[in-house]
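To start, the structure itself, in structure tokens.
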Amino acid sequence: MSPDRLSATFSALADPTRRAILARLALGETSVTDLAAPFAMSLPAVSKHLKVLERAGLITRGREAQWRPCRIEGAPLKDASDWLEPYRRFWDESFDRLGDYLGELQAGEKRRGRKK
Numbered sequence: 224m225s226p227d228r229l230s231a232t233f234s235a236l237a238d239p240t241r242r243a244i245l246a247r248l249a250l251g252e253t254s255v256t257d258l259a260a261p262f263a264m265s266l267p268a269v270s271k272h273l274k275v276l277e278r279a280g281l282i283t284r285g286r287e288a289q290w291r292p293c294r295i296e297g298a299p300l301k302d303a304s305d306w307l308e309p310y311r312r313f314w315d316e317s318f319d320r321l322g323d324y325l326g327e328l329q330a331g332e333k334r335r336g337r338k339k
């Protein structure tokens, strides 16, 4: 994924409303009206959020007669996840080392408690 595309993905994901829209779309395609229902905002405001998601490639909007379904697109999310993976491994390894160290400290405390 190009850096510009990755930036567009993270920029789109930075807004909690857009993340909530994506969470809803992860359950299946739906209309703009249905997507707007849980939010205290106008349909044009929701449409602006959808345009940001669409420009980032995170959703597509179709046309079926009078219905305009929105669908989530997984590829940009997969690319973002792949980019984040080395950092996740770094933190997992750091927490594992911390857990090992704390275990050693607790074992030392137990040994010192028995010697008293």
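Just add 223 to wherever you are in the sequence shown, counting from 1, and you've got this note's numbering. Idealized CB from N, CA, C, for every residue including glycine.
Cα-Cα separation, residue i to residue j
i	j	result
Gly331	Leu307	36 Å
Ala249	Arg286	19 Å
Ser254	Arg228	26 Å
Val275	Ala246	15 Å
Leu258	Ile244	7 Å
Thr240	Asp323	40 Å
Gln289	Thr256	12 Å
Lys271	Lys301	24 Å
Lys333	Leu321	18 Å
Thr283	Glu296	7 Å
With 16 other Cβ atoms within 10 Å as the buried cut-off, status of residue i
i	result
Arg294	exposed
Leu273	buried
Ala303	buried
Ala231	buried
Pro299	buried
| alpha helix (DSSP H) segments (min. 4 residues) lying fully within the segment 227–307 | 239–248, 255–259 and 266–278, all fully within the segment 227–307.
| Do three or more CB pairs link the segment 262–281 to the segment 308–323 at distances below 8 Å? | Verdict: no, contact absent.
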